[in-house]
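Enquirer: Under my numbering, read the sequence shown as residues 13 to 293, first letter to last.
Below is one structure. I have some questions about it.
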Amino acid sequence: MYHHVKKLMYTVNVDTPDVRFGNMLLEQFGGANGELAAAMQYTIQGWNCVDDIARRDLLLDIGTEELSHLEIVGALIRMHLKPMKTNREAAEADPLVTIAGGGGLNLFNSMGNPWTADYLKITGELDVDLRNNIAAEARAKIVYERLIDHTDDPGTIDTLQFLMTREITHMKAFTAGLESMEKPPFSIGRLRPTPGLADQYFNGSTGDGDEGDTDMRGPWQTSFNLSPVDSEVVGGEGLAIELVDGKLPGEDRGKQDMAHKTTTAPKLDELIGVASSDGKL
Ligand code: MN
Ligand code: MN
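As structure tokens, then:
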């Protein structure tokens, strides 16, 4: 059940309307990292989360706050777009908003692309969704930061500072929600990755001096049991693909192991139309 309270979560003041900035702000209304996307992503994840009522509450708390952010950013945009209604020059900043939308809000991003559910990252796997949400908050934060960089209006900066800050708050809460599940960090889903192959860092981009950027070394090659492997193309060992098997000991993978095998690398005598050594096709 939803109940709307006719009071903004944060009071919005605009000193000088700027229609072009209002257009940029639409990115946080109907854009990929905007408030509606966040509200829908977390709320629907919460509705899906029937096995963990504690983290369901986390998702619904923050999803609902994002809807309040949508209302705030909407109020801010509306105040900035107001001159479009009467001023031809202002109207030219966004003809779509002016002519089709009467200078009001609609679910478009800053380039006039309609909002889409494709923006949402909803996997139905709680820990995977929480990782999505931590990344989504980081994206929202950086978008607000860039918006702040492009306005001098004190009231606008004040509102954007509130919205930007809350994204970091949410990032903390989602991170705590994920960590408190106490899952090993690389344990995703149910099936195990292939041992050995899982620890091979493939050095797939190489170069040296005049031939290109220097081949770099870093902890991403050696942490968490990783070790670097060079491509056969440059004389290395290549990935240990021979270790890959559809079935690992101790796992019940269902019926797929009984399936008819097709392959990108058939043995010669299995090729259609090629005679094998005994003369049969
Ligand atoms: Mn938000
Ligand atoms: Mn947020």
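Even for Gly, the Cβ is constructed at its ideal location relative to N, Cα and C.
Are there 16 or more other CB atoms within 10 angstroms of the CB of TYR54, so buried, or fewer, so exposed?
Expert: Counting Cβ neighbours within 10 Å, TYR54 comes out buried, since at least 16 surround it.
Enquirer: Using CA atoms only, rank isn't needed, just tell me which of ASN60, VAL85, ASP73 is closest to LEU38.
Expert: VAL85
Enquirer: Within 10 angstroms of the Cβ of TRP127, are there 16 or more other Cβ atoms? Answer buried if so, exposed if not.
Expert: buried
Enquirer: My assumption, with CB atoms under 8 Å, is that ARG178 sits in contact with HIS81. Please give the rounded CB distance.
Expert: ARG178 to HIS81, Cβ: 7 Å. Contact.
Enquirer: Considering SER192, what are the terminal residues of the alpha helix (DSSP H) in which it resides?
Expert: Premise fails: SER192 is in no alpha helix (DSSP H) and is neither H nor E.
Enquirer: What does a CB cutoff of less than 8 Å around SER243 pick up in its chain, not counting 5 residues either side in sequence?
Expert: PHE214, ASN215, GLY216, THR218, GLY250
Enquirer: Since ILE89 and LEU119 should fall inside the 8 Å C-beta cutoff, what is the C-beta to C-beta distance between them, to a whole number of angstroms?
Expert: Not really, about 12 Å apart at Cβ, beyond 8 Å.
Enquirer: What residues match up with VAL241 in a beta bridge as DSSP calls it?
Expert: PHE214
Enquirer: Using a Cβ-Cβ cut-off of 6 Å (strictly less than) and excluding sequence neighbours within five positions of LEU159, which residues of its own chain qualify?
Expert: Same-chain partners within the cutoff: LEU172.
Enquirer: Could you spell out the range, first to last residue, of the alpha helix (DSSP H) harbouring ALA112?
Expert: Note, ALA112: premise wrong, no alpha helix (DSSP H); not H, not E.
Enquirer: Are ASP139 and LEU190 close, meaning C-beta to C-beta below 8 Å?
Expert: yes
Enquirer: Out of LEU79, ALA87, LYS18, GLY46, state which residue places its alpha-carbon closest to the alpha-carbon of ASN25.
Expert: ALA87
Enquirer: Please tell me whether, using a cut-off of 7 Å, the distance from the CB of ALA152 to the nearest non-hydrogen atom of ligand 2 is below it.
Expert: yes
Enquirer: Taking DSSP as the reference, what is the three-state secondary structure of PRO126?
Expert: strand
Enquirer: Tell me whether HIS16, by its Cβ, gets closer than 7 Å to a heavy atom of ligand 1.
Expert: no
Enquirer: For LEU255 versus LEU203, is the C-beta spacing smaller than 8 Å?
Expert: no
Enquirer: Ignore the nearest five residues each way along the sequence and tell me which others in ALA103's own chain have a CB closer than 6 Å to its CB.
Expert: MET96, THR110
Enquirer: Taking Cβ positions, are PHE294 and THR163 nearer each other than 8 Å?
Expert: Only positions 13 to 293 of the chain appear in this structure, which leaves residue 294 out of reach.
Enquirer: How do the segment 142 to 156 and the segment 52 to 72 stand: do at least 3 beta-carbon pairs fall below 8 Å, yes or no?
Expert: In this structure the segment 142 to 156 touches the segment 52 to 72; the number of beta carbon pairs closer than 8 Å is three or more.
Enquirer: Taking only three categories from DSSP, how would you classify PHE236?
Expert: coil
Enquirer: When you compare only the Cα positions, how much space is there between MET21 and LEU175?
Expert: 10 Å
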